[in-house]
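Q:
In my numbering, the protein residues as written are 729 to 1664.
1. Should residue 958 be labelled buried (16 or more other beta-carbon atoms within 10 Å of its own) or exposed?
2. Provide the residue span of the beta strand (DSSP E) that contains residue 1242, from first to last.
3. Hey, how far is the Cα of residue 1576 from the Cα of residue 1608?
4. Hey, how far is the Cα of residue 1482 from the Cα of residue 971?
5. Between residue 947 and residue 880, which are expected to be in contact by the criterion C-beta below 8 angstroms, what is the C-beta distance as a whole number of angstroms?
6. Ends of the alpha helix (DSSP H) at residue 1514?
7. Less than 8 angstroms between the CB atoms is what I'm expecting for residue 887 and residue 1042, so what's the real figure, rounded?
8. Would residue 1298 count as contacting chain D if we go by Cβ distances under 8 angstroms?
9. Where residue 1168 and residue 1156 are concerned, what is the direct C-alpha to C-alpha distance, given to the nearest angstrom?
10. Are the Cβ atoms of residue 994 and residue 826 separated by less than 8 angstroms?
11. With burial defined as no fewer than 16 other Cβ atoms inside 10 Å of the residue's Cβ, what is the status of residue 1005: buried or exposed?
12. Closest to residue 963 by C-alpha separation, out of 804, 1367, 1101 and 1553, would be which residue?
13. Can you tell me whether residue 1059 is helix, strand or coil according to DSSP?
14. Extract the residue ranges of the beta strand (DSSP E) inside the region 1270–1357, only unbroken runs of 3 or more that lie entirely within it.
15. How many angstroms separate the CA atom of residue 1635 from the CA atom of residue 1601?
16. Does the contact criterion of 3 or more C-beta pairs under 8 angstroms hold for the region 820–838 versus the region 1097–1112?
17. So, does the region 1397–1404 touch the region 1314–1325, judging by three or more C-beta pairs under 8 angstroms?
18. Name the two residues that bound the continuous alpha helix (DSSP H) containing residue 1089.
19. What residues in its chain sit with their C-beta under 7 angstroms from that of residue 1132, if we drop five residues either side in the sequence?
20. Can you find at least 3 beta carbon pairs, one from the region 1111–1125 and one from the region 1025–1036, that sit closer than 8 angstroms?
21. With 16 as the cutoff for other CB atoms within 10 Å, does residue 829 come out buried or exposed?
22. Can you grab the Cα-Cα spacing for the pair residue 1513 / residue 781, in whole Å?
23. Going by beta-carbon coordinates alone, are residue 1160 and residue 1136 separated by less than 8 angstroms?
24. With burial defined as no fewer than 16 other Cβ atoms inside 10 Å of the residue's Cβ, what is the status of residue 751: buried or exposed?
25. Taking DSSP's pairing of strands, which residues face residue 1579 in a bridge?
26. With a threshold of 6 angstroms on Cβ separation, who are the neighbours of residue 1515 within its own chain once the five nearest residues in sequence on each side are excluded?
27. Bridge partners of residue 1449, per DSSP?
28. Which residue marks the beginning of the beta strand (DSSP E) containing residue 1162, and which one marks its end?
29. Should residue 1173 and residue 1099 be called a contact, given that it needs their Cβ atoms to be closer than 8 angstroms?
30. Give me the Cβ distance between residue 878 and residue 943, rounded to the nearest whole Å; I'm assuming they're in contact under 8 angstroms.
31. Which residues bound the beta strand (DSSP E) around residue 1065?
32. Which partner residues of residue 1118 appear in the DSSP bridge assignment?
33. Residue 1632: which of 1621, 1626 and 1639 sits nearest, CA to CA?
34. Which same chain residues, not among the five before or five after residue 1008, have their C-beta less than 7 angstroms away from its C-beta?
35. In this structure, what does DSSP give as the bridge partners for residue 1212?
36. Where in the region 979–1049 do unbroken runs of the beta strand (DSSP E), each at least 3 residues long, occur, reported from the N-terminal end onward?
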């Protein structure tokens, strides 16, 4: 057996250069070990579990049960997600369900997983998902079946080797208090007392979570399948899927009709793809794109270590290594910069492992030996290197596929399928039965990706690599990807880049983030962080600026964003919002569809523009957007579609455009509306000119009267701008007088140049989305998927004014809102401000009278009010109605990284609560000293 310390020294002396990317990416099954060091490494490949579900080939001569003729749902894949999904489907009452596994349960990737469960993540939704998994594994299943799953509660320990890492852990601790998760920030000395074998000399501190633990894959999946079977579900092993039957209905919609196997076909309208690294092949059978890649992922199991028993599992993020307790030994693994891709995924790969590539893996050994020095003299018992599926943002792929109705995804779990399985299995079951999950699952929904990206191999590969390599990186508030950038660019991209624009990436688009004062900072081609012997980018100004954002304090360019915000508040600024989704809704049933889709009454006179929400059947907010009623007439694309009747122009935040598109299409299909939805997002640019001087500026270049009487707020017109036809809308997302110009692509640059020329004497500047974030939260405007999500109703979100409740017009989700209004709100959004000059970013805990009642969803600095401002949903500790009096009568505090700050609660925005500024009424100008300070 190899000795870890000897292996490290030998590998450091004898390591050979890594092969080029193309060679590493083409490896299918194994990577070899250099001869010079092989004598000190084990050749044994086996998982450290006492029990697996592997059986000999003689017992695998056909399906373990007869196939039913039909089923309400067929789950494909018998790993963690498949077993959790069928269990929760059966538990929710859908018992005519079948799970098909091509081999034995867990045979693909689940059988070799490390099985770690950490309760705290920088996401409230993930904390809730993990809590459900833990409950199912640790207690629910045993109570239901009398069988143990193999759960071990040995605790979890996160290692901080620098201040920023410890700050991140303190943020997690504060969020955990809202959910009742016990956790402690420990000093190095306290950490040494807890884990005597640990080297603490280089530590800032640790985060200890006593009720974290370890799961057993075979035990868990066995008990899940038995519990599901006891409720009427059918689990069939040794039954591969060979095809998916898809038909097209009268409306041209593709739907699942059946699942084909060598032993017969099961008729079904619902297929659930839980096939792990094989999910892409299953998707191909139905014409569904599944954007994931397979990679080698490894750990080694040590020999016995004296004194390691009962120690917590360890995550040393800065060393990119984890240490999993394995009885009296440790499993050592992590995430490296140069993972091996598995391109040719084999259908016959079951209960199998790759040879471990020590050149790739050795970095984890070095980190492990530093953290637990006893490992230097400890032998390696076995290696475990198996395939895992990884995605572009290190989040799973879930929900109904856009291409085929009834084809659901539950795959791409990035080695977290055991940990997230219980929570995601329940949400997926709810999705299938009720049409939507209970929680906000947008971050996992396949519709978060634009359809132009999900079959782009470069994007999938580069993004998945970066997400894998950065898995253990600190999650900073303003981080941006470097991989596969510049996929979608608008006509203003180059001119803004030349003026120092620091771009953000959303939905493949490059959108302005903020404007650097020292010249261009272009986004370069992805360099894989220098892995695979590729040269790292040099003179990478963008990456350097991004690195300066890596802080939980105010960023170095805080004053630049302040200048952009206060120039908009006091003068005029131009925002490039071209990444917005721009859709037309027309057709014989367009009016009926608009009534049903939108919470607000959008059927006003042509020329009107209405801010509205779209809801799911549970009353949750699937979107907020503006809808403009158009005049019927012939087509003048891209500004106007052909229409003989009702027509609507939808402007939607670009980062969620695919989600919105699919939501609308699904509603149109489910209701049978005869409508046409057209996407012209790529055909138009969009400039928003905002501020007290916007009217004076625009009056010079538009051929329309911009007075309040001639061009009121929430109206639109097709006008000429510097000789080019544009659609002008008097709207604001920053709380100022302003207009949006929706511009045909070929006219974008002439119009922009005219705006900047006319604005020069008014001190116009370019501004980005970092400024929009600050300005909009200061005004109290919502950001979808931040302070407005699918699990928030408009009433809870303070958007009752968007709902046509005073009319008799039905709309999706109205019944839920009526019931909620009658019963009273059990949660509501509240604005908070603090006097201390400290940044907050969301996830900070909210306390009322010392009792946790919620957390901030979104926070930023408001430069006009000169305060940190945040929004969060609060609940009554006793589950009672959260009334305005409950808010007014409480004393509130916010906890940021373990420090408590006194907060003031507001039921209305503290900035311009009377909405005078959007109406052009500026009778109370801002303090000009703030603007002067911003430009110093």
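Glycine included, every Cβ here is placed at the ideal spot set by N, Cα and C.
A: On the basis of the coordinates in this document:
1. That one is exposed.
2. Its beta strand (DSSP E) spans residues 1237–1243.
3. If I take the Cα positions, the gap works out to 14 angstroms.
4. Straight-line spacing of the CA atoms in residue 1482 and residue 971 works out to 58 angstroms.
5. Contact between residue 947 and residue 880 does not hold, since their C-beta atoms are separated by about 11 angstroms, which reaches or exceeds 8 angstroms.
6. Per DSSP, residue 1514 lies in no alpha helix (DSSP H) segment and is marked neither H nor E.
7. Contact annotation, residue 887 with residue 1042: C-beta distance approximately 6 angstroms; criterion of less than 8 angstroms satisfied.
8. Of the protein chains in the structure, only one exists, and it is not chain D.
9. Distance between the alpha carbons of residue 1168 and residue 1156: 12 angstroms.
10. In contact: residue 994 and residue 826 (Cβ atoms closer than 8 angstroms).
11. Buried.
12. Of the candidates 804, 1367, 1101 and 1553, the one whose C-alpha sits nearest the C-alpha of residue 963 is 804.
13. Three-state result, residue 1059: strand.
14. Whole beta strand (DSSP E) segments, 3+ residues: 1301–1304, 1309–1314, 1337–1343 and 1349–1357.
15. When rounded, the distance between both Cα atoms is 12 angstroms.
16. Counting Cβ pairs under 8 angstroms, fewer than three are found: no touch.
17. As far as the Cβ criterion goes, the region 1397–1404 touches the region 1314–1325, which means the pair count is three or higher.
18. Where residue 1089 is concerned, the enclosing alpha helix (DSSP H) stretches over 1086–1099.
19. Here the set comprises 974, 982, 983, 984, 1014, 1015 and 1016.
20. Yes: the two stretches touch, three or more of their Cβ pairs being nearer than 8 angstroms.
21. Burial of residue 829 is indicated by the presence of at least 16 other C-beta atoms within 10 angstroms of its C-beta.
22. Using only the alpha carbons, I get a separation of about 41 angstroms.
23. Closer than 8 angstroms, so yes.
24. Only weak support is given to the placement of residue 751: the predicted model assigns it a pLDDT of 28, under 50, and the question is left unresolved by the model.
25. Within the DSSP bridge table, the entry for residue 1579 names 1576 as partners.
26. Residues 1585, 1586 and 1599 of the same chain have their beta carbon placed closer than 6 angstroms to that of residue 1515, with the five preceding and five following residues left out of the count.
27. Answer by DSSP bridge pairing, in chain order: 1430 and 1452.
28. In the DSSP assignment, residue 1162 falls outside any beta strand (DSSP E) and lies within the alpha helix (DSSP H) extending over 1145–1162.
29. Cβ distance not < 8 angstroms, so residue 1173 and residue 1099 don't count as in contact.
30. Beta-carbon to beta-carbon, residue 878 and residue 943 are separated by about 7 angstroms, close enough to satisfy the 8 angstroms threshold.
31. For residue 1065, no beta strand (DSSP E) encloses it, and the DSSP letter there is neither H nor E.
32. Paired residue(s): 1021.
33. If you compare the alpha carbons of 1621, 1626 and 1639 with that of residue 1632, the shortest gap goes to 1621.
34. Cβ contact annotation for residue 1008 (same chain, cutoff 7 angstroms, sequence separation greater than five): 1018 and 1020, in chain order.
35. None; residue 1212 has no bridge partner.
36. Within the region 979–1049, the beta strand (DSSP E) runs of at least 3 residues that lie entirely inside it are, in chain order, 982–989, 992–995, 999–1001, 1020–1030 and 1041–1044.
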